[in-house]
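Visitor: Okay, handing you the structure first.
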Amino acid sequence: MDILSLFIIIPLLTITGIILVKDIRNVKKVAAIGMGIQLILAAVLIFLYVAERKGGNISEMLFIKDIVWFKSLNIHYAVGVDGISVAMIALTSIVVFAGIFASWEVELLTKEFFISLILLATGVFGFFISIDLFTLFLFYELAVIPMYLLIGIWGSGPKEYSAMKLTLMLMGASALLLVGILGIYMHSAPSGNQLTFNILEIKQYVIPITAQRTFFPFTFVGFGVLGALFPFHTWSPDGHSSAPTAVSMLHAGVLMKLGGYGAFRVAIYLMPEAAKELSWIFLILTSISVVYGAFGAIAQKDLKYINAYSSVSHCGLVLFAILMMNKTAMNGAVIQMISHGLMTALFFALIGMIYGRTHTRLINEMGGLMKVIPFLSVCYVIAGLASLGLPGLSGFVAEMTIFVGAFQHPDLFHRVVTIVAITSIVITAVYILRVIAILLLGPVTNPKYENFRDARWYEKTSVIALILPVAAIGMAPFWLSSTISSSMQPIIDKIMAINLF
Amino acid sequence: MNLQDFLLMRQELLLTLAAIIVLAAEIFWNPAKKKSVIFFAIIIFSLVTAAGMIPSEDGYLFGGMYISTGLMRLMKNILDIGVLIILVQSYTWLMKPENEERISEYFILIFTTLVGMDFMISSGHFLMFYLGLELATIPVAALAAFERYKNKSAEAGIKLILISSLSSGVLLFGISMIYGTSGLLYFYDLSKVFAGGSLQILGFIFFFAGMAFKISIVPFHLWTADVYEGAPVNITSFLSVISKGAALFIFIIVLYTVFPVIIESWQKTILVTSILTMTIGNLFAIRQQNIKRFLAFSSISQAGYILLGIIGANQAGMTSVVYYMIVYIFSNLGAFGVITAISNATGKENIDDYNGLYQTNPKLSLTMTLALFSLAGIPPVAGFFGKFFLFAAAAEKGFYFLVLIAVLNTIISLYYYLLVVKAMFINKNENPVMKFKSDIPTRFGLMICVLGIFLTGFASIIYEYIKNLSFGI
Numbered sequence: 001m002d003i004l005s006l007f008i009i010i011p012l013l014t015i016t017g018i019i020l021v022k023d024i025r026n027v028k029k030v031a032a033i034g035m036g037i038q039l040i041l042a043a044v045l046i047f048l049y050v051a052e053r054k055g056g057n058i059s060e061m062l063f064i065k066d067i068v069w070f071k072s073l074n075i076h077y078a079v080g081v082d083g084i085s086v087a088m089i090a091l092t093s094i095v096v097f098a099g100i101f102a103s104w105e106v107e108l109l110t111k112e113f114f115i116s117l118i119l120l121a122t123g124v125f126g127f128f129i130s131i132d133l134f135t136l137f138l139f140y141e142l143a144v145i146p147m148y149l150l151i152g153i154w155g156s157g158p159k160e161y162s163a164m165k166l167t168l169m170l171m172g173a174s175a176l177l178l179v180g181i182l183g184i185y186m187h188s189a190p191s192g193n194q195l196t197f198n199i200l201e202i203k204q205y206v207i208p209i210t211a212q213r214t215f216f217p218f219t220f221v222g223f224g225v226l227g228a229l230f231p232f233h234t235w236s237p238d239g240h241s242s243a244p245t246a247v248s249m250l251h252a253g254v255l256m257k258l259g260g261y262g263a264f265r266v267a268i269y270l271m272p273e274a275a276k277e278l279s280w281i282f283l284i285l286t287s288i289s290v291v292y293g294a295f296g297a298i299a300q301k302d303l304k305y306i307n308a309y310s311s312v313s314h315c316g317l318v319l320f321a322i323l324m325m326n327k328t329a330m331n332g333a334v335i336q337m338i339s340h341g342l343m344t345a346l347f348f349a350l351i352g353m354i355y356g357r358t359h360t361r362l363i364n365e366m367g368g369l370m371k372v373i374p375f376l377s378v379c380y381v382i383a384g385l386a387s388l389g390l391p392g393l394s395g396f397v398a399e400m401t402i403f404v405g406a407f408q409h410p411d412l413f414h415r416v417v418t419i420v421a422i423t424s425i426v427i428t429a430v431y432i433l434r435v436i437a438i439l440l441l442g443p444v445t446n447p448k449y450e451n452f453r454d455a456r457w458y459e460k461t462s463v464i465a466l467i468l469p470v471a472a473i474g475m476a477p478f479w480l481s482s483t484i485s486s487s488m489q490p491i492i493d494k495i496m497a498i499n500l501f
Numbered sequence: 001m002n003l004q005d006f007l008l009m010r011q012e013l014l015l016t017l018a019a020i021i022v023l024a025a026e027i028f029w030n031p032a033k034k035k036s037v038i039f040f041a042i043i044i045f046s047l048v049t050a051a052g053m054i055p056s057e058d059g060y061l062f063g064g065m066y067i068s069t070g071l072m073r074l075m076k077n078i079l080d081i082g083v084l085i086i087l088v089q090s091y092t093w094l095m096k097p098e099n100e101e102r103i104s105e106y107f108i109l110i111f112t113t114l115v116g117m118d119f120m121i122s123s124g125h126f127l128m129f130y131l132g133l134e135l136a137t138i139p140v141a142a143l144a145a146f147e148r149y150k151n152k153s154a155e156a157g158i159k160l161i162l163i164s165s166l167s168s169g170v171l172l173f174g175i176s177m178i179y180g181t182s183g184l185l186y187f188y189d190l191s192k193v194f195a196g197g198s199l200q201i202l203g204f205i206f207f208f209a210g211m212a213f214k215i216s217i218v219p220f221h222l223w224t225a226d227v228y229e230g231a232p233v234n235i236t237s238f239l240s241v242i243s244k245g246a247a248l249f250i251f252i253i254v255l256y257t258v259f260p261v262i263i264e265s266w267q268k269t270i271l272v273t274s275i276l277t278m279t280i281g282n283l284f285a286i287r288q289q290n291i292k293r294f295l296a297f298s299s300i301s302q303a304g305y306i307l308l309g310i311i312g313a314n315q316a317g318m319t320s321v322v323y324y325m326i327v328y329i330f331s332n333l334g335a336f337g338v339i340t341a342i343s344n345a346t347g348k349e350n351i352d353d354y355n356g357l358y359q360t361n362p363k364l365s366l367t368m369t370l371a372l373f374s375l376a377g378i379p380p381v382a383g384f385f386g387k388f389f390l391f392a393a394a395a396e397k398g399f400y401f402l403v404l405i406a407v408l409n410t411i412i413s414l415y416y417y418l419l420v421v422k423a424m425f426i427n428k429n430e431n432p433v434m435k436f437k438s439d440i441p442t443r444f445g446l447m448i449c450v451l452g453i454f455l456t457g458f459a460s461i462i463y464e465y466i467k468n469l470s471f472g473i
């Protein structure tokens with residue numbers, strides 16, 4: 001058994017365990033144990049990966065396992081990881097683990113809830129370890145579909161509308177993606193040779209530029225929708241605000257990263273020529289995402305909506321950085337994915353916990369929470385500061401790297417979009433600090449609040465599991481960025497190769 | 001007729017024998033124990049199905065009027081398995097007192113249509129094809145009117161027979177034109193002399209229209225919803241899966257063997273009809289209240305997707321069509337199995353009646369969800385693989401635009417499939433379908449479907465097996 005397949009098998013075993021458990025109260029324990037094992041496994045994977053690299057293994061993907069599946073179409077079950085996927089897997093394990101604890105109080109249909117949640121996680125893990133486009137696409141859809149039931153059954157507010165909107169928009173994206181993937185497949189080898197879905201094989205061949213021009217937009221937009229590319233971001237605010245806590249965490253924290261990850265791993269890596277030609281359109285769209293998301297967040301009164309719009313802004317920054325197509329910016333994009341994944345999950349977890357106490361998410365109706373629930377409030381401040389890019393936390397490292405990379409382009413167009421995107425930092429500070437001021441500081445507005453209990457043990461577990469890596473990345477970013485940047489090299493080489501002719 | 005000939009035709013001959021045995025049972029069986037005929041007939045039919053699986057050599061009979069190849073035997077086996085599931089699912093319905101009198105009638109009619117379909121698939125001559133087609137159609141009309149004391153069922157029967165005769169007439173007219181221009185009716189001979197003159201193309205158009213009625217391709221689909229709604233649920237599932245499947249199988253064979261010369265003409269025809277079929281089927285499905293009408297329109301759109309596998313005229317295309325039919329049989333029969341169970345227990349057939357079903361009947365709801373997800377093409381169930389291969393086959397020949405339309409259509413279809421899922425899981429209901437326990441045959445039938453929905457996708461061996469038998473132009 002190879003280590004990577006375990007990342008799919010363990011969640012499936014956990015699901016089986018949950019189905020078999022008789023006592024409904026033990027369901028969450030089984031889920032927590034399963035995802036705890038997954039977290040340990042992710043740590044083991046990091047060690048193995050670093051050891052392998054230290055040992056001088058310089059192949060692009062490690063721990064490759066390749067099993068022929070549909071022979072005549074050359075579809076394989078092929079898995080492998082580089083530094084970027086290892087980082088994403090670690091992020092996913094942390095967020096899922098925290099998500100399980102954040103949904104400790106789910107009462108309605110507990111079994112079904114955890115099954116759907118872990119099924120979603122299975123899809124995400126499978127996506128990050130796949131190096132075969134077919135399995136990658138399969139896992140992508142697997143990650144999207146449980147969302148419908150998760151939001152529709154356990155959500156709040158206009159949940160049926162939001163669930164349907166989110167599912168249809170994301171599946172619509174996957175429809176575009178399917179066309180893109182089929183297009184890549186049909187042009188994946190010189191005519192007469194065996195076509196392939198394997199990313200590592202396709203990248204050795206230059207897809208004809210005409211085919212690239214047709215299929216790059218399909219692939220990029222397909223992934224971009226999940227990464228909240230303007231104007232296809234509208235599922236995000238509705239979806240996130242209606243979803244139950246753990247689902248918002250997983251969705252904003254991990255699932256939106258599928259978009260960014262896929263955009264560079266598939267769209268840009270395999271079709272760099274078209275990416276170079278067409279990047280200006282998408283750069284304009286992403287810089288709109290970045291600024292529009294930030295402004296959107298200012299206008300909102302609902303905590304979850306604020307955070308959802310802020311996710312649009314931050315995930316827009318990921319796509320923006322990827323489209324800069326140089327090493328520094330793309331490194332920044334990956335760090336931003338991880339940093340945003342952690343802190344947005346933290347945000348949604350805290351919002352869920354605050355909502356569980358106050359039963360409202362409107363910031364105007366709350367105040368002075370710092371006095372009654374200090375632990376949660378301090379954590380909220382930390383998340384906020386990470387989000388607005390305070391040095392010492394992960395957000396700073398990510399945004400700094402991105403903008404330094406973006407400024408390496410000397411031409412006017414890139415300068416202008418970069419400056420436009422940079423303004424989002426200021427706007428972010430506005431909405432974050434405003435929320436902190438109204439929500440946490442000042443006198444306690446509602447006498448009922450005096451009776452609040454601060455975080456329970458499972459809430460603390462969840463929150464601390466997320467804060468530790470945020471601070472760790474902020475203090476010592478070189479661990480992460482050296483892993484990422486060595487893995488980024490083959491991608492950069494491929495992009496740079498096209499400048500030669 | 002020697003043993004070799006018998007082995008070649010064994011599926012048809014054994015089925016005929018089975019029909020005669022059930023007929024004899026009807027006459028000689030103890031009238032007080034009529035109900036046990038059901039088990040008897042199902043066992044006989046499973047033996048026939050098993051006998052069909054025995055590998056045998058390719059060959060032809062009657063100077064090439066009857067052909068038997070590995071692919072044809074596979075197609076017949078697929079239909080046999082589908083019918084077997086339907087027979088198992090009909091158990092509860094046949095046990096009802098009002099149907100008790102006509103149990104053997106049901107089996108005889110089903111066996112007879114299946115003989116017709118087998119002959120149709122194996123035909124190497126247009127007359128043989130036509131004979132098989134008629135034999136496959138007329139008993140189905142009788143089946144649709146099976147609950148003749150119900151007005152709707154009788155109406156469905158008469159609609160089906162009228163439309164079938166019309167479409168057969170159109171088809172025959174097309175065949176006569178082809179005969180008039182070439183003087184030939186053998187598929188093999190025709191493929192050599194077929195030149196693609198304008199009268200021959202006209203003949204093809206009529207032939208296509210006739211087949212389009214049977215497969216219910218837009219704009220020849222108008223009978224579908226009414227007949228599906230009126231007929232008893234088991235017959236509806238038979239119509240939507242077996243009849244359609246058999247017609248599609250022979251359609252693709254004839255298209256690839258007789259008409260390769262005019263490939264450009266029929267590719268255009270199929271391109272347009274495929275887009276229409278998917279889109280109109282999907283758009284009409286959204287508005288349906290009755291679950292049978294709903295699945296009728298969904299099955300129309302499914303036929304549109306299947307045309308994507310035909311249009312490429314490549315080996316991958318034929319493989320994906322046959323493969324998708326297997327997937328489709330399991331998925332659609334899974335959905336119809338649940339509808340049958342609920343209809344038998346409560347008589348309810350509206351989507352609104354499914355509100356809150358998960359609270360009372362979780363297993364049925366999950367089966368239904370799986371079946372619908374498979375129809376919508378959601379991983380990890382088989383429908384995802386089936387659709388992917390269909391689209392890949394069309395993309396291989398450069399029909400990217402058609403693929404784009406098709407994938408956008410899958411999103412529309414996902415919307416209405418999710419509406420049913422939403423009804424079962426999310427919607428509240430004061431008065432949900434009560435909790436009931438279905439009998440063993442129903443559960444067994446559903447279990448086969450669920451297994452099929454899961455395994456067909458992952459088992460690449462099935463795909464490779466079909467691939468080895470398929471051919472392209």
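So the protein lines, in turn, are chains A and B.
Residue numbering for the first sequence follows the numbering used here, starting at 1 and increasing by one per position.
Residue numbering for the second sequence follows the numbering used here, starting at 1 and increasing by one per position.
Ideal Cβ positions, reconstructed from N, Cα and C, are used throughout, including at glycine.
Closer than 7 angstroms by C-beta to B:Asn234: which residues in its own chain qualify, once you throw out the five before and the five after it? Chain order, please.
Guide: Within the same chain, B:Asn234 has close Cβ partners Ile86, Gln89, Ser90, Trp93, Thr340.
Visitor: Secondary structure at A:Asp82, three-state DSSP: helix, strand or coil?
Guide: Note: A:Asp82 maps to coil in three-state DSSP.
Visitor: Which one of B:Lys397, B:Gly59, B:Phe251 has the shortest CA to CA distance from B:Met120?
Guide: Among B:Lys397, B:Gly59, B:Phe251, the Cα nearest to that of B:Met120 belongs to B:Phe251.
Visitor: Could you name the residues that DSSP lists as bridge partners for B:Tyr186?
Guide: DSSP output for B:Tyr186 lists B:His125 as bridge partner(s).
Visitor: Please list the segments of the alpha helix (DSSP H) lying wholly inside the region 177-226 of chain B, counting only runs of 4 or more residues, in order along the chain.
Guide: You should have 187-193, 198-215.
Visitor: In the region 53-87 of chain A, which residues sit with their C-beta less than 9 angstroms from some C-beta in chain B, listed in chain order?
Guide: Residues Val68, Trp69, Phe70, Lys71, Ser72, Leu73, Ile75.
Visitor: Quick one: give me the first and last residue of the alpha helix (DSSP H) that B:Phe373 is part of.
Guide: It spans 362-376 - the alpha helix (DSSP H) in which B:Phe373 sits, taken as one unbroken run.
Visitor: Once DSSP output is grouped into helix, strand and coil, what is the label at A:Leu195?
Guide: Correct three-state label for A:Leu195: coil.
Visitor: So, does the CB of B:Ser460 fall closer than 9 angstroms to a CB anywhere in chain A?
Guide: Yes, B:Ser460 lies at the interface with chain A (some Cβ there is under 9 angstroms from its Cβ).
Visitor: Mind pulling the alpha helix (DSSP H) runs of 4 or more residues that sit fully within the region 1-51 of chain A?
Guide: Segments of the alpha helix (DSSP H) lying fully in the region 1-51 of chain A: 3-20.
Visitor: Please confirm whether B:Leu202 and B:Ser168 have their CB atoms less than 9 angstroms apart.
Guide: Contact flag unset, no.
Visitor: Could you tell me the distance, in whole angstroms, from the CA atom of B:Glu100 to the CA atom of A:Leu12?
Guide: So the alpha carbons of these two residues sit roughly 46 angstroms apart.
Visitor: Less than 9 angstroms between CB atoms is the rule here; does B:Thr319 satisfy it with respect to chain A?
Guide: Yes, because at least one Cβ of chain A sits closer than 9 angstroms to the Cβ of B:Thr319.
Visitor: Let me know the beta strand (DSSP E) ranges lying completely inside the region 372-444 of chain B, each 3 residues or longer, listed in chain order.
Guide: Listed in chain order, nothing qualifies, since the region 372-444 of chain B has no complete beta strand (DSSP E) run of 3 or more residues.
Visitor: Quick one: what's A:Phe134 bridged to in DSSP?
Guide: Per DSSP, none; premise fails for A:Phe134.
Visitor: Please list, in chain order, the chain B residues whose beta carbon lies closer than 9 angstroms to that of A:Gly253.
Guide: By Cβ distance, chain B contributes nothing, its closest Cβ being about 22 angstroms from A:Gly253, past 9 angstroms.
Visitor: At 7 angstroms on the CB atoms, spell out the chain A contacts of B:Ile411, in chain order.
Guide: Simply Leu168, Met171, Gly172, Ala175.
Visitor: Within 10 Å of its beta-carbon, does A:Ala51 have 16 or more other beta-carbons around it, so buried, or fewer, so exposed?
Guide: Label assigned to A:Ala51: exposed.
Visitor: What do you reckon, are the CB atoms on B:Gly157 and B:Ala141 nearer than 9 angstroms?
Guide: Taking 9 angstroms as the Cβ cut-off, B:Gly157 and B:Ala141 qualify as a contacting pair.
Visitor: With A:Ala297 and A:Ile288 assumed to form a contact (beta carbons below 8 angstroms), what rounded beta-carbon distance in angstroms separates them?
Guide: That belief does not hold up - the Cβ atoms of A:Ala297 and A:Ile288 are roughly 14 angstroms apart, past 8 angstroms.
Visitor: Along chain A, in chain order, which residues have C-beta atoms closer than 8 angstroms to that of B:Glu396?
Guide: Simply Met186.
Visitor: Which residues bound the alpha helix (DSSP H) around A:Gly384?
Guide: Its alpha helix (DSSP H) spans residues 374-387.
Visitor: Once DSSP output is grouped into helix, strand and coil, what is the label at A:Ser156?
Guide: If DSSP states are grouped into helix, strand and coil, A:Ser156 belongs with coil.
Visitor: Checking contacts by CB at 9 angstroms: is A:Glu141 closer than that to chain B?
Guide: By this cut-off, A:Glu141 is an interface position.
Visitor: By DSSP, does B:Trp29 sit in helix, in strand, or in coil?
Guide: Coil, per DSSP.
Visitor: How far does the beta strand (DSSP E) with A:Lys65 in it reach, from first residue to last?
Guide: Note, A:Lys65: beta strand (DSSP E), 62-70.
Visitor: Can you list, in chain order, the residues of its chain with a C-beta nearer than 7 angstroms to that of A:Val18? Leave out the 5 residues immediately preceding and following it.
Guide: At residue 18 of chain A the sequence reads Ile, which differs from the Val that was named. Here the set comprises Val27, Val30, Ala31, Lys111, Phe114, Ile115.
Visitor: Rounded to a whole number of angstroms, what is the C-alpha to C-alpha distance between A:Val179 and B:Met318?
Guide: The straight-line gap from Cα to Cα measures roughly 20 angstroms.
Visitor: Which partner residues does A:Asp302 have in the DSSP bridge list?
Guide: Bridge partners of A:Asp302: A:Leu362.
Visitor: Here's a check: name, in chain order, each residue in its chain whose Cβ is nearer than 6 angstroms to the Cβ of B:Ala371, leaving out the five neighbours to either side.
Guide: Excluding sequence neighbours, B:Ala371 sits near Ser331, Gly334, Ala335.
Visitor: Who are the Cβ neighbours of B:Leu61 in its own chain at under 7 angstroms, not counting the five residues just before and after it?
Guide: Asp5, Leu8, Met9.
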